[in-house]
Every structure is written in C-alpha cells, then in structure tokens.
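2 protein chains.
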Amino acid sequence: MKEVFKSIDTQSLVDKVEDSLINLLHERKLKVGDSIPKELELASALGVSRTVVREALMRLRMMGLIDTRKKKGAVITSPDIFGNLAKSLNPYILSDDTLKEIFEIRLVLEVGMADLLFSHVTDGDIKELKEIVKNEPLSAKHRMFEASYEIAFHGKLYQITKNETLKKFQGLLLPIFDFVEKSSIFKPIPGTQKFTSHKQLITILEKGTPEEFRNGMRNHLENHFARLRLNKGGK
Amino acid sequence: MKEVFKSIDTQSLVDKVEDSLINLLHERKLKVGDSIPKELELASALGVSRTVVREALMRLRMMGLIDTRKKKGAVITSPDIFGNLAKSLNPYILSDDTLKEIFEIRLVLEVGMADLLFSHVTDGDIKELKEIVKNEPLSAKHRMFEASYEIAFHGKLYQITKNETLKKFQGLLLPIFDFVEKSSIFKPIPGTQKFTSHKQLITILEKGTPEEFRNGMRNHLENHFARLRLNKGGK
DNA sequence: TAACTTTATTATGTCATACATAATACTAAA
DNA sequence: TTTAGTATTATGTATGACATAATAAAGTTA
Chain B
1 MKEVFKSIDT QSLVDKVEDS LINLLHERKL KVGDSIPKEL ELASALGVSR TVVREALMRL
61 RMMGLIDTRK KKGAVITSPD IFGNLAKSLN PYILSDDTLK EIFEIRLVLE VGMADLLFSH
121 VTDGDIKELK EIVKNEPLSA KHRMFEASYE IAFHGKLYQI TKNETLKKFQ GLLLPIFDFV
181 EKSSIFKPIP GTQKFTSHKQ LITILEKGTP EEFRNGMRNH LENHFARLRL NKGGK
Chain V
1 MKEVFKSIDT QSLVDKVEDS LINLLHERKL KVGDSIPKEL ELASALGVSR TVVREALMRL
61 RMMGLIDTRK KKGAVITSPD IFGNLAKSLN PYILSDDTLK EIFEIRLVLE VGMADLLFSH
121 VTDGDIKELK EIVKNEPLSA KHRMFEASYE IAFHGKLYQI TKNETLKKFQ GLLLPIFDFV
181 EKSSIFKPIP GTQKFTSHKQ LITILEKGTP EEFRNGMRNH LENHFARLRL NKGGK
C-alpha cells in the first residue's frame, strides 16, 4: 500500500464540498428538521462558487439527506434509503447477469425470512393470506393468470415481517422480478411442476415452525432455483 | 382516482429533463459505452439552459447510469446499483428503527443463502474458510477480538455465492452491522452463549445439505435473533 | 385582541456568459 | 512509424442577473 506519489486529489471541487457538507451533518449531529446554512453562506464559507455548492447540495438531496425548499433553505430529512435507488434499478439498463443476481437475492430473502414471519404474524395475517389463495387456480397452467396471486401472496409475506426496509426493498425489486420472469434471460423449465403450495405454506405458518417454513418455501421456489441452475453457464 | 384538477406539474425543470434523458436512454436502447449528446446540444434541443441540463446529468451520474469525462462527453456505464447508495447509508443519519431493520435483513440473507452456497462452493473455498477459523479463539469472551473473524468468515460466505450484487450489498451494510453491534440500540443479552460454531458450519457446507446449513446458520445467529426479540418494544 | 389580507423579504430555481482545464484529435518532426 | 508538440473541444468552475415561491412582516377589519 506504500505510495511513492502523494495521492493527488482527483476529486472535483463538487466532490470536496459534498464531503464537507456530509461532515458538517455529522459533526454538528444535526437532527431531522434542522436546517443548514444558505447556499451563498456556504459558498463564501467554503471559498467556492454558488454553482459548486448547489451541485453538492443536489447530491445530498438525491441521497435523501436533505430536502430543499424555497426561502426556507435546506433541512435534514430522514433518508429514504431505497427511494433514489428506484430509478437506476431499471431492467432495461441492468445487465442480464445483474438481473439474475437480483432474482437470486429474492429467493434468498424469501427462504430466509421465516423467523421474522413467525415472530410477527397475527391471526389477521393468516386470515388475509387464506383470502388471497382462496380463489387461486389449482393447476399451474395459467401462469400469467397466476402472477397476480404470486405477487399478492409473497408481497403479503414481506408485509408480515413488519420490516419496512425489507418491504421497500421488495417493492423496488418487484418490477425486476416481473421483467426477469417474462424475459428470455432464463430458458423455461420443461415440465414445470408445483411443489409446496401457497396453502401449505399458510398451514405451516399457522401451526408449524420456522424451520419447516424455510424448507417449505425452499421447495415452493424450486422451479426458480432450477431455472437458475439451468442457466448457470451464462456467467 | 378521479381528479378534478388536472395534476399540475410540481416538478422542477431539472426533474423533467432528468426524465427526458432517462427516456432517451431507453428509447434509443443505448448500450454501455455509447455516448449521449453534449450538454449544449441537449440544452438547445430541450429548450433549457445548460445549468439545468448539467444538474440532470449529474443525477444520472449519481445513479450510475452515465460517466462523464472531459472532451468525451457522457457515456453510458453499467450501473453500480449499490455504489451510490453507500453515502446515504450512514448510521449516524439513519433512525434506530431503520438500523434494526437492516440488521434483520442481514440475518435473513445469511440464513437464506444456503442454496447459493452449495451450488457454488469449491474445495478452495472450504480451505479458505478453514484457514480463517483456524486461529479463532474458542471462548466468546473476547467479543471485540472476535469481530474480525466474524467479518472474515461471513464475508467469505457472501463471496462464495458468486453473486456480485449480493456481495456489494453486504459490503454496503457492513458498517451498519458494525455500528449496530457496538451501539446501545440493542440491549445486551445476559449470559450470551455460543451456538453452532463457524467450524461446524464449514463441516455442514462440506458434507451436509442446504437444509442443514440453514438450520445451522439460524442457530449460529441465535444471539442476534434473541437480541431482536428482546428489543422488539421499540417499534 | 384575534383573524384575515396584503405587502415585503428572502433563498432557491433558472438563465446567460465567460474562462479554466483536461482529454482527445490533429499535425509536424524524427 | 513513432513521438512530440499543438489545437480543439466539452466539461468544470465562476459570476451576475432575474424569476419564483414560501415565509415573515405589516396592515386591515371584525
């Protein structure tokens, strides 16, 4: 790690100001609602033009750290972590490999969330889940038709975890899941069959254990796992 | 959903230009490496000032959609989804509830990633894991000292999944895990005890099944789960 | 005094212009 | 053909100006 040349700053002015501003937030331990100095004040204090300050402030705003309003100035906000991520998570821009990886993450989450489900699930949740699957078609023939049930059922599971961050994350990834399933990234599995059903999962959630649920969900998602295995060559 | 007033655009000019640019990317199906028009060209084409175009371009850059270089202009890049998220994921700014939720997500991921591990793990990986835990202290007394082993071991697991997106996500969350463990957000658990050890997990990964690994990992993380249960009142 | 209306202020949003800088393309010399 | 130097060009930064909207202040009415 020894560097002969002193690492010259390849950073642009905006980068530096951005860092300064973030440091400002930390040092002063500013809380939500607090306001930071005006653009012109910052510009003169930091010795740069208002242009640079504005660009740096815009970055903070994109990160969800601040919210700027006319006259009022910029105020600290509780950052919506994934809020800004949504735009860059566009399936048309992401590479196929990345899309596959995101799809994998979904499987990981749903298999792993069993404990959260069991520690938060209520009778009302069970009732809702049963309502969702009540009219679900038994056969796996109408895949397209089934999609809405899939989303409703699995979405409800995320909601049961009472983990807002996780729920937001899922909402973010949903269009990607949809895209991946419909796209030709994955070769279809011949002779797709049903494994553990939604109804069975509900029964486990109602009367079983997290361990059983994990295995049930793993089995339920077997078709997806199989597609991943079949399409491993791509990497 | 009926609206009496036609929804006036509360968007700023920059917002609109941003949308226009993203649409441009989609419509033209631009690939990585392709370049987009110069700032001045965009400005005149869209009928706004260069300032506005620049701010919009900066947003795209923050999203990781483009990379701008002098003289060359802006070129499409393969977006690093989580790269730009890092700065806003600052523990000092996130609320305690959000921090807890992120911590939960870690647990979910590690319990759920068993299948990915088994489908990618190599002999070399097993060897590396064994190397990591070789000098690991047996007792749980030196918690601070143990931290580095924890990070090395669990980090290696993420790496074994061969899922770059997941690995990046973990790298992103790591400072948060660290912060949460050290902070007083969680009350400590009296009489913390060891459950499934790292060594046992390796053995399962080498000779066992995904199902066994999930349960082993769940058990291994029991202390963390217990802390979550104990601190549930906060919400 | 309290509630409402109008006016004034202020800080951000947008625009225009100018120059600096660095990366590229071009040209000339060896 | 390679290298070195030069010119070009698009972004980076600075400055000044005005528009706009949100707030604060002042004024009015009951």
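Chains B and V, in that order, are what the protein sequence lines are.
Going by our numbering, 90 is the number at position 90 of the first sequence; the sequence numbering is gapless.
Going by our numbering, 5 is the number at position 5 of the second sequence; the sequence numbering is gapless.
Think of the CB as a built atom: it goes at the ideal place given N, C-alpha and C, for glycine as much as any other residue.
**Request:** Could you pull out every residue in the same chain whose Cβ sits closer than 8 Å to the Cβ of residue 21 (chain V), ignoring the five residues on either side in sequence?
**Result:** Looking up residue 21 (chain V) in the second sequence gives position 21. Correct list, in chain order: 36, 42, 56, 57 and 60.
**Request:** Output, in sequence order along the chain, the residues in the region 110 to 121 of chain B whose CB is closer than 8 Å to any CB in chain V.
**Result:** 110, 111, 112, 113, 114, 115, 116 and 119
**Message:** Here's the rule: buried if 16 or more other CB atoms are within 10 angstroms of the residue's CB, otherwise exposed. What is residue 32 (chain B)?
**Reply:** Residue mapping note: residue 32 (chain B) aligns to position 32 of the first sequence, counting from 1. So residue 32 (chain B) counts as exposed.
**Prompt:** residue 218 (chain V) lies in the alpha helix (DSSP H); which residues open and close that run?
**Reply:** Counting from one through the second sequence, the residue named residue 218 (chain V) turns up at place 218. Note, residue 218 (chain V): alpha helix (DSSP H), 210 to 220.
**Prompt:** How about residue 198 (chain B): is its Cβ closer than 8 Å to a heavy atom in the ligand MN?
**Reply:** With respect to the ligand MN, the structure shown offers nothing to examine, as it has no ligands at all.
**Asked** Shortest alpha-carbon distance to residue 214 (chain B) belongs to which of V:73, V:111 and V:204?
**Response** For the purposes of this step, residue 214 (chain B) is taken as the residue at position 214 of the first sequence. Residue V:111 is the option with its Cα nearest to residue 214 (chain B).
**Alpha-carbon spacing of residue 13 (chain V) relative to residue 77 (chain B), whole angstroms** = The residue labelled residue 13 (chain V) in the question sits at position 13 within the second sequence. The residue labelled residue 77 (chain B) in the question sits at position 77 within the first sequence. If you take the alpha carbons of residue 13 (chain V) and residue 77 (chain B), they lie about 22 Å apart.
**Prompt:** Quick check: the region 172 to 185 of chain B against the region 98 to 106 of chain B, are there 3 or more CB pairs under 8 Å?
**Reply:** yes
**Asked** Between the beta-carbon of residue 201 (chain V) and the beta-carbon of residue 224 (chain V), is there less than 9 Å?
**Response** The residue you call residue 201 (chain V) lines up with position 201 of the second sequence. The residue you call residue 224 (chain V) lines up with position 224 of the second sequence. No, the Cβ-Cβ distance between residue 201 (chain V) and residue 224 (chain V) is not below 9 Å.
**Request:** Could you list which residues in chain B have their beta carbon closer than 8 Å to that of residue 163 (chain V), in chain order?
**Result:** In the second sequence, counting from the first residue as 1, residue 163 (chain V) sits at position 163. In chain order: 101, 104 and 105.
**Prompt:** Under three-state DSSP, which class holds residue 73 (chain B)?
**Reply:** Locating residue 73 (chain B) in the first sequence gives position 73, where the first residue counts as 1. Three-state DSSP puts residue 73 (chain B) in a strand.
**C-alpha distance - residue 163 (chain B) paired with residue 171 (chain B), whole-angstrom precision** = Within the first sequence, the letter at position 163 stands for residue 163 (chain B). Within the first sequence, the letter at position 171 stands for residue 171 (chain B). So the two alpha carbons sit approximately 12 Å from each other.
**Asked** Taking any Cβ of chain V, which residues in the region 20 to 41 of chain B have a Cβ under 8 Å from it, in chain order?
**Response** 22, 25, 26 and 29
**Request:** Measure from the alpha carbon of residue 116 (chain B) to the alpha carbon of each residue in B:46, B:30, B:205 and B:174, then state which is nearest.
**Result:** For this step, residue 116 (chain B) is matched to residue 116 along the first sequence. It is B:205 whose Cα lies nearest to the Cα of residue 116 (chain B).
**Prompt:** Per DSSP, residue 68 (chain B) forms a beta bridge with which residues?
**Reply:** Along the first sequence, one-based indexing puts residue 68 (chain B) at 68. BP columns for residue 68 (chain B) point to B:74.
**Prompt:** chain V partners of residue 215 (chain B), CB-CB under 7 Å?
**Reply:** Looking up residue 215 (chain B) in the first sequence gives position 215. Result: 211.
**Message:** If we define contact as Cβ-Cβ less than 9 Å, is residue 69 (chain B) a contact residue for chain V?
**Reply:** As a working mapping, residue 69 (chain B) is identified with position 69 in the first sequence. With 9 Å as the cut-off, residue 69 (chain B) does not count as an interface residue toward chain V.
**Prompt:** Taking buried to mean at least 16 other C-beta atoms within 10 Å of its own C-beta, is residue 65 (chain V) buried or exposed?
**Reply:** Here the question's residue 65 (chain V) lines up with position 65 in the second sequence. Residue 65 (chain V) is classed as buried because its beta carbon has at least 16 other beta carbons within 10 Å across all chains shown.
**Prompt:** Between residue 201 (chain V) and chain B, is there a C-beta pair that is closer than 9 Å?
**Reply:** On the second sequence, position 201 is the one that residue 201 (chain V) refers to. No, because no Cβ of chain B sits closer than 9 Å to the Cβ of residue 201 (chain V).
**Item:** Against chain B: residues of the region 42 to 68 of chain V by CB proximity under 9 Å
**Value:** 51, 54, 55, 58, 59, 60, 62, 63, 64 and 65
**Request:** Pull up the distance between the alpha-carbon of residue 82 (chain B) and that of residue 104 (chain B), whole angstroms please.
**Result:** Working through the first sequence from its first residue, we reach residue 82 (chain B) at position 82. Working through the first sequence from its first residue, we reach residue 104 (chain B) at position 104. So the alpha carbons of these two residues sit roughly 19 Å apart.
**Asked** Just checking my contact of residue 133 (chain V) with residue 158 (chain V) at CB under 8 Å: how many whole Å lie between their CB atoms?
**Response** Within the second sequence, residue 133 (chain V) is the residue found at index 133, counting from 1. Within the second sequence, residue 158 (chain V) is the residue found at index 158, counting from 1. Their Cβ separation, rounded to whole angstroms, is 16 Å, which puts residue 133 (chain V) and residue 158 (chain V) out of contact at 8 Å.
**Asked** Within 10 angstroms of its Cβ, does residue 154 (chain B) collect 16 or more other Cβ (buried), or is it exposed?
**Response** Counting from 1 along the first sequence, the entry for residue 154 (chain B) is found at position 154. Buried, by the Cβ-count rule.
**Item:** Cα-Cα separation, residue 75 (chain V) to residue 126 (chain V)
**Value:** Taking the first residue of the second sequence as position 1, residue 75 (chain V) is located at position 75. Taking the first residue of the second sequence as position 1, residue 126 (chain V) is located at position 126. Between residue 75 (chain V) and residue 126 (chain V), the C-alpha separation is close to 41 Å.
**Message:** Just checking: is the beta-carbon of residue 17 (chain B) within a distance shorter than 9 Å of some beta-carbon in chain V?
**Reply:** Reading the first sequence from its first residue, position 17 is the one you call residue 17 (chain B). So, not an interface residue.
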